[in-house]
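Engineer: Residue 4 is where the sequence shown starts when you use the working numbering, and the numbers rise one by one after that.
The following block contains the structure, expressed as structure tokens.
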Amino acid sequence: MVDALHAPTAIDTGGPRVRKQSSRGGETRAKINEATLQIIKREGMRGVRHRAVAKEAGVPLGATTYHFKDIEDLIVSAFIQWRGDGVLRGNPIVDRVLGFIEKNAQKLSGSELGRKTLAREIYQFMVDYEVDQIENHRDDRIIELAFYHESLLVDKLRREVLDYWKTQLSNLMPPFTAMQSPDPMADARITQSIFHQLEREAVMKGDDYDREILKTTLHRHVCHITGVEFTP
């Protein structure tokens, strides 16, 4: 973003200067957003104040008030950056399931053994994904829950969260479509709900989190969505 005070005038030939200013502004915003995420992780939303964020980011206090008109604006921006970072990491569970189905389509179609093989693989993909989300990205789960709670109070953030969930659903649908589910959207929504609950419970329980409960829950879910009973 280019400040009007620093935008080139009609006689200024400083095109590169505009790009430099814009780049610097974007870097500052990103740094402030990242500082906000770190504060949310440690202290929750109550810790997000302009002065605290500026100190965490190592920028002047005026930089936060210049780039963000108020705390709500800052929180929404931090969520958008956090969400974008997650999107850049891709959708490994979707890619793995689709890749497996495509590679083994002929072998999987029609037979009971093929359906059990598919169910077992989907189950393992889901377990691997959720264990990674809970055990290797716990900080992200804490930040995520804080944003969800805050979205009840901030309309703009609520719209961003709902849009994020909609994107999650769209990303989860292709495997169920490939499996010829009679209702891929419903299966995706159920799967999303289970993932959210497992992650929420794990974060709340901390050291008391039980991976076996996660595995049992996902096993029953996959049995239901595939219509076959199998041994993990």
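Glycine is no exception: its CB is placed at the ideal position from the N, C-alpha and C atoms.
Model, not experiment: these values are computed from the prediction.
Using only alpha-carbon positions, find the residue among Glu163, Thr194 and Val164 that is nearest to Pro178.
Structural biologist: Closest by alpha carbon: Thr194.
Engineer: How would you call His224, buried or exposed, if buried means at least 16 neighbouring beta carbons within 10 angstroms?
Structural biologist: It is buried - the Cβ of His224 has at least 16 other Cβ atoms within 10 Å.
Engineer: Would you report the Cα separation of Glu232 and Gly47, rounded to the nearest angstrom?
Structural biologist: Whole-angstrom Cα-Cα distance: 42 angstroms.
Engineer: Three Cβ pairs or more, each shorter than 8 angstroms: is that satisfied between the region 197-214 and the region 126-142?
Structural biologist: Touching, yes, given that three or more Cβ pairs across the two stretches are closer than 8 angstroms.
Engineer: What are the start and end residues of each continuous alpha helix (DSSP H) run of 4 or more residues lying completely inside the region 181-213, in chain order?
Structural biologist: Counting only runs of 4 or more, we get 187-208.
Engineer: Counting along the chain, where does the alpha helix (DSSP H) carrying His71 start and finish?
Structural biologist: Note that residue 71 is Phe in the sequence shown, not His. Neither: Phe71 is in no alpha helix (DSSP H) and is coded neither H nor E.
Engineer: Can you tell me the Cβ-Cβ gap for Leu259 and Val51, rounded? I've got them flagged as a contact below 8 angstroms.
Structural biologist: Residue 259 lies beyond the residue range present for the chain, which begins at 4 and ends at 235; the question has no answer from this structure.
Engineer: Between Phe150 and Lys44, what straight-line distance do the alpha-carbon atoms span, to the nearest angstrom?
Structural biologist: Distance between the alpha carbons of Phe150 and Lys44 is about 10 angstroms.
Engineer: Rounded to whole angstroms, what's the CA-CA distance from Pro140 to Ala181? Just pull it up for me.
Structural biologist: Per the sequence presented here, residue 140 reads as His, with Pro not at that position. So the alpha carbons of these two residues sit roughly 29 angstroms apart.
Engineer: What number of angstroms, rounded off, separates the C-alpha of His227 from the C-alpha of Gln41?
Structural biologist: Going from the Cα of His227 to the Cα of Gln41 covers about 39 angstroms.
Engineer: Give a yes or no on whether the C-beta atoms belonging to Ala191 and Leu172 are separated by under 7 angstroms.
Structural biologist: In this structure, Leu172 lies closer than 7 angstroms to Ala191 by Cβ.
Engineer: Give the straight-line distance between the Cα atoms of Glu202 and Asp211, rounded to the nearest whole angstrom.
Structural biologist: Whole-angstrom Cα-Cα distance: 13 angstroms.
Engineer: Going by beta carbon distance, what residues of the same chain come within less than 7 angstroms of Ala55, once the five residues before and after it are set aside?
Structural biologist: Cβ neighbours of Ala55 beyond the five flanking positions: Ile42.
Engineer: Which residues in the same chain as Arg99 place their Cβ atom closer than 7 angstroms to its Cβ, once the five residues preceding and following it in sequence are excluded?
Structural biologist: Once the five neighbours on either side are set aside, the close Cβ partners of Arg99 are Phe128.
Engineer: Report yes if the CB atom of Ser205 is closer than 7 angstroms to the CB atom of Ile96, and no otherwise.
Structural biologist: Note that residue 205 corresponds to Ala in the displayed sequence, not to Ser. Contact: no.
Engineer: Does DSSP classify Arg52 as helix, strand or coil?
Structural biologist: Coil, per DSSP.
Engineer: When the Cα of Arg86 is compared with those of Asp73, Leu175 and Glu37, which residue comes out closest?
Structural biologist: Looking at the Cα atoms, Glu37 is the closest of the given residues.
Engineer: Using 7 angstroms as the threshold, is the C-beta distance between Thr31 and His53 below it?
Structural biologist: Result no, Cβ atoms of Thr31 and His53 do not sit closer than 7 angstroms.
Engineer: Does the beta-carbon of Leu77 have 16 or more other beta-carbons within 10 angstroms, so that it is buried, or is it exposed?
Structural biologist: Buried: at least 16 other Cβ atoms inside 10 Å.
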